[in-house]
Amino acid sequence: MNSRIESLRKKTIQKQVAVSHERAELVTSFYKTYVGMDKSIPVQRALCLKYILENKKIFIDDNELIVGERGPEPKAVPTYPEICLHSMEDLEILDNRAKVSYKVSEETKAIYKEKIIPFWKGRTIREKIFEAMEDQWIDSFNSGIFTEFQEQRSPGHTAGGELIYRKGFNDLKKNIGQCLGDINFFNDKNGLEKQEVLTSLDIAADALIVFATRHADKLEHRARGEKDFKRKAELENMASVCRRVPANKPETFHEALQYYWFLHVGIITELNPWDAYNPGRFDQNLYPFYKKDIENGTITRKDAKELLCCFWIKFHNHPAPPKVGVTAMESNTYVDFCLINLGGVTKDNQDGVNELTYLVLDVIEEMRLLQPSSMIQVSRKNPDRFIKRALKIIATGFGQPSVFNTDAIVQEMLFHGKSVEDARIAGASGCVEAGVFGKECYILTGYFNLPKILEITLNNGLDPRTKKQIGLKTGDPENLETFDDLLDAYKKQLEYFVDIKIKGNNIIEQINAKYMPVPLLSLVTQDCIKNAKDYNQGGARYNTSYIQGVGMGTITDCFSSLKYNIYDNRRVSMARLLDALGKDFKENDILLHQLGQAPKYGNDNDDADDILKIIFNAFHELVTGRPNSKGGVYRINLLPTTCHVYFGEITGALPDGRKKGVPLSEGISPVQGADRCGPTAVLKSAAKIDHLKTGGTLLNQKFLPDIFKDEKGLQSLVHLIRSYFKMDGHHVQFNVVSEKTLRDAQKNPENYQDLIVRVAGYSDYFVSLTSALQEEIILRTAHTDF
Amino acid sequence: MPENPYVFKIQKYSIHDGPGIRTTLFFQGCPLSCHWCHNPESRAESLKINKEEMDKVSFALMEEIEKDLIFYDDSGGGVTISGGEPLSQPQLLFRLLDQCREKEIHTCVDTSGYGAAGILLKAAEKADLILYDIKLIDEKVHKKYTGKSVDLILENLKQLSRQKAAVRLRFPLIPRVTDTIENIGRVIVFLKENTIYRDIHILPFHKTGEGKYLSLGRKNYMKDIQPPYREKTAKVKKQFESNGFNVAIGG
Chain D
0 MNSRIESLRK KTIQKQVAVS HERAELVTSF YKTYVGMDKS IPVQRALCLK
50 YILENKKIFI DDNELIVGER GPEPKAVPTY PEICLHSMED LEILDNRAKV
100 SYKVSEETKA IYKEKIIPFW KGRTIREKIF EAMEDQWIDS FNSGIFTEFQ
150 EQRSPGHTAG GELIYRKGFN DLKKNIGQCL GDINFFNDKN GLEKQEVLTS
200 LDIAADALIV FATRHADKLE HRARGEKDFK RKAELENMAS VCRRVPANKP
250 ETFHEALQYY WFLHVGIITE LNPWDAYNPG RFDQNLYPFY KKDIENGTIT
300 RKDAKELLCC FWIKFHNHPA PPKVGVTAME SNTYVDFCLI NLGGVTKDNQ
350 DGVNELTYLV LDVIEEMRLL QPSSMIQVSR KNPDRFIKRA LKIIATGFGQ
400 PSVFNTDAIV QEMLFHGKSV EDARIAGASG CVEAGVFGKE CYILTGYFNL
450 PKILEITLNN GLDPRTKKQI GLKTGDPENL ETFDDLLDAY KKQLEYFVDI
500 KIKGNNIIEQ INAKYMPVPL LSLVTQDCIK NAKDYNQGGA RYNTSYIQGV
550 GMGTITDCFS SLKYNIYDNR RVSMARLLDA LGKDFKENDI LLHQLGQAPK
600 YGNDNDDADD ILKIIFNAFH ELVTGRPNSK GGVYRINLLP TTCHVYFGEI
650 TGALPDGRKK GVPLSEGISP VQGADRCGPT AVLKSAAKID HLKTGGTLLN
700 QKFLPDIFKD EKGLQSLVHL IRSYFKMDGH HVQFNVVSEK TLRDAQKNPE
750 NYQDLIVRVA GYSDYFVSLT SALQEEIILR TAHTDF
Chain W
0 MPENPYVFKI QKYSIHDGPG IRTTLFFQGC PLSCHWCHNP ESRAESLKIN
50 KEEMDKVSFA LMEEIEKDLI FYDDSGGGVT ISGGEPLSQP QLLFRLLDQC
100 REKEIHTCVD TSGYGAAGIL LKAAEKADLI LYDIKLIDEK VHKKYTGKSV
150 DLILENLKQL SRQKAAVRLR FPLIPRVTDT IENIGRVIVF LKENTIYRDI
200 HILPFHKTGE GKYLSLGRKN YMKDIQPPYR EKTAKVKKQF ESNGFNVAIG
250 G
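Taken in sequence, the protein lines are chains D and W. Just so you know, numbering that gives the first Met the number 0 puts 523 at position 524 of the first sequence, and the rest follows in order with no gaps. Just so you know, numbering that gives the first Met the number 0 puts 175 at position 176 of the second sequence, and the rest follows in order with no gaps.
The structure is reproduced here in structure tokens:
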């Protein structure tokens, strides 16, 4: 690491995260001036973005090579009052909470009180959503049956494709012009609507060009005053890059990186889409530029690496937007889920690993930053040494990169009806969500609490926590005579809640389609221009909505325990179990011990794993293929982020012996500590899920550092990964840190400020996690060999 | 996992008991009583399996073994039969080796060499690789630390060599017992004079058995002994290498 990178890295790590009121103030001024203006909503939104980008502060850091900040300075995080409005109380919580705080200055508080809150109260998307939801939805939401992704952030989970590396915004503007000319006003009843959308895209293109030009101007100004000869030349070069992109298509490695970065900042300024905006198949998209520059001798490997390091720091400068309400209290990460994809296959189905792939892995290892996240896509075509190189980074214990199965992703996409070439350029964004980069709008709509629905079933529709009858009356469980009767009752409740969720989702999608178009994101997502339709209206080539099942391990062990103890062996009566659940197993150690003897998921035991398949298929059949409101369909994936902790808090004692409030199992990992037969058994059990029917599953494996210490250990992990992927497993991630270290970090957090661990689909600072999550991570069984 | 009195543990994802990813079956019962044994729970006498039980037991074991086929195939792994002393239960040993061969599953037998020559040689024919412990050459010292004479073990190894059986030698590096320059020197001389084997894996002493001694309430001779230093292990490796051996550390 050279001194430039070292100092930039130090700065971004040490800089305190703060809330910036800049964007909120600009948006408010814009709407105050233009409210009731004679423009369509898409055009208003585009003009709003342009207004922000024309007026926001331009920040250029000393010695940086890639420019563009969302806030007035690094780690100053804007808010999005048109989506979700922070109250004064929220700002206080953010400012003062012990972990993952966002500093809020007195000035920001004053501006919020006087200007932002009075204008936006009653006008936000969040309020529109809650107003539009029926009582059943509100009750289920409050009970913790599901969460809602769109209540605080706009739809996203989308990654950039190859488009921007082939076209400049001027080219896209030309396309827009042609499509505008093609609108047939004689017989197209949506002609006007299309015209407004296309116009909004055109304005959004101008907005980002203006933003780049303002950077070019400032860089030139800086260059003129710069005494240092070398820096002066750098500033001049950066200015000329900013003059060229995004207006023109990039020609050099530097231009390609800067183009992407402007787009990234533009999209996360336009709104706060989930998972920011992902650079997609990074090594593949950038490789042609790298190759050309190296061959022409216009860049050295060292230069390219330095540019990449600067690029990495830009991601780290952009923490996730702060949440509101309960989530402001609990939400505990700065990570915004940008996931760099490396490896995999090319569009024409060749090994996608190239020289740049390895260079980027070097950068990941050296930068060791929380953001961006990184992953490797592993196809059977990729070489072992690629996996080993990644494992050596994983071995250092910061949870990156995670490992994905390209061959499974391709099949998942084909199963979703995508073309084979599009399937090959797919990847994973966010935690593990698969999608066709640059061509698909795939929206995560909310986590779905599968074990909680069992609790509701065992209480005949009542939620014991809220004391509300939120589910169906499927009967007193003591009268359910067979295991199948119980399963049927569960499936009925499941269907009931899935329906509530999907109905709510469809209304929310339409609210976003109508009130919150995203012209810039639409501009770069194929085929929004061609379809003359916004991203939020279904303009993308593929439109998928996801519901994320949480607690697969827990629900499997619960049903296994019910089957084994109550129905098959009649060792425990339902009445006794229900009584014990109500008392949270107090003074019931004998019963707990009995329940614990049932077969458990994660041990390659068909008695348990067959139940997993039943639950998975029930959920899959109830969701997959249902139409969403954008012309696409619903699908499932199985990932929790940190929601298994929240869902655990609001779920009472369960038949597998889990006590009230304890986190649910995470992703498709077994219940913490339930897997007793080592990693091969876990992988076998996990592979009994039909991964190809999902859009992503998340499996966490914890290993002690020993396993990585020699060649045989590394090679065995390569085989472990290859075997899991042969069985069509979607993803696996490794947490490599000893329990002793984690315990010590709990006791002496001051010594472990930089300890990064894998949480669930992303890594985070261990000391920033809540103690519940810390315990959860320690409990995940560590595998070792003897 | 199947429970029976013949196998006290099944360890999946074993990566230090032969090539690739393996499932290791630990047979109950061992004639030796090595001070450093890390599986003290296997000390009980081995049971003789009767014919009626054989099918049931071997079926359950094979079912468990075959669960990890995909991992064996990918890594070039298979099954290791360890113990205890596998030679003490020849009927079950032969049955499993035959069934694995039929299913094309690679097999290793991890033995102390203390058993009837006939059984050992037959096992060597049925298995793909014998993992053979060579610990001490001196009769007195061997008796002191393992409870049994070394003659049979050395004689058996000569026979294996004459039969040109596939053998990987394993040398447990036990501080203050096997790690003396003299002992290692004698091991080298014995191997060179009597066998064709020149590949040896050094297994440094480790303390994973410590908890077991506590919970079993058995005397732990190794309580105050620490695992060998890396430098010591490297030195021993060199001593073997300078005498023409190929040496690896670990299984």
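Positions of the beta carbon are idealized from the N, C-alpha and C atoms, including for glycine. Since the structure is predicted, the reported quantities are computational estimates derived from the model, not experimental observations.
G538(D) sits in coil when the DSSP states are folded into three classes, being neither helix nor strand. At the C-beta level, D16(W) and L95(W) stay beyond 8 Å of one another.
The Cβ neighbour count for G184(W), taken over all protein chains shown within 10 Å, is under 16; the residue is labelled exposed. Taking the Cα positions, I128(D) is about 8 Å away from I506(D).
Residue pairing from DSSP places L461(D) in a beta bridge opposite Q468(D). Straight-line measurement puts the Cα of L68(W) at about 45 Å from the Cα of F140(D). Linking K711(D) to L92(W) through their CA atoms gives a straight-line distance of about 27 Å.
The count of Cβ pairs closer than 8 Å, one atom from the region 415-423 of chain D and one from the region 341-357 of chain D, reaches three, so the stretches are in contact. Look at E432(D) here: in three-state DSSP terms it is strand. Using a CB distance cut-off of 8 Å, K683(D) counts as an interface residue toward chain W.
Within chain D, Q714, S715, V717, H718, L719, R721, S722 have C-beta atoms less than 9 Å from the C-beta of S74(W), given in sequence order. DSSP places G117(W) in the uninterrupted alpha helix (DSSP H) bounded by 116-125. Of all C-beta pairs linking the region 539-558 of chain D to the region 102-110 of chain D, fewer than three are shorter than 8 Å, placing the two stretches out of contact. In terms of Cβ geometry, A680(D) and D556(D) do not form a close pair [threshold 8 Å].
Contact of K142(W) with chain D is not assigned, every C-beta pair being separated by 8 Å or more.
Straight-line measurement puts the Cα of S57(W) at about 18 Å from the Cα of N604(D).
Using a Cβ distance threshold of 8 Å, G155(D) and D335(D) do not count as a contacting pair. CA-to-CA, the gap between I469(D) and K451(D) works out to about 12 Å. Taking a beta-carbon distance threshold of 8 Å, C308(D) does not count as an interface residue toward chain W. In this structure the region 164-182 of chain D does not touch the region 292-305 of chain D; the number of beta carbon pairs closer than 8 Å is below three. The continuous alpha helix (DSSP H) containing T145(W) extends over residues 138-145. Here P226(W) carries a coil assignment [DSSP, helix/strand/coil].
Here DSSP, grouped into helix, strand and coil, assigns F244(W) to coil.
As DSSP reads the structure, M374(D) sits in a beta bridge with N340(D), S401(D). The Cβ of D709(D) sits closer than 8 Å to at least one Cβ of chain W.
About 6 Å separates the CB atoms of K532(D) and V196(D); that is less than 8 Å, so the two are in contact. When the Cα atoms are used, I195(W) and N155(W) turn out to be separated by approximately 13 Å. Assigned with DSSP and collapsed to three states, T23(W) falls in strand. Not flagged as an interface residue toward chain D: K50(W), since no C-beta distance is shorter than 8 Å.
At a cut-off of 8 Å between beta carbons, F70(W) contacts chain D.
I720(D) is not a Cβ neighbour of I688(D), given a cutoff of 8 Å. Residue-level contact by beta carbon fails for P704(D) and chain W, as no gap is shorter than 8 Å. Look at C107(W) here: in three-state DSSP terms it is strand.
Interface annotation, D67(W): in contact with chain D, CB-CB separation under 8 Å. Between G672(D) and chain W, the shortest Cβ-Cβ separation is not below 8 Å. Residue environment: G550(D) is assigned as buried (16 or more neighbouring CB atoms within 10 Å of its CB, all protein chains considered).
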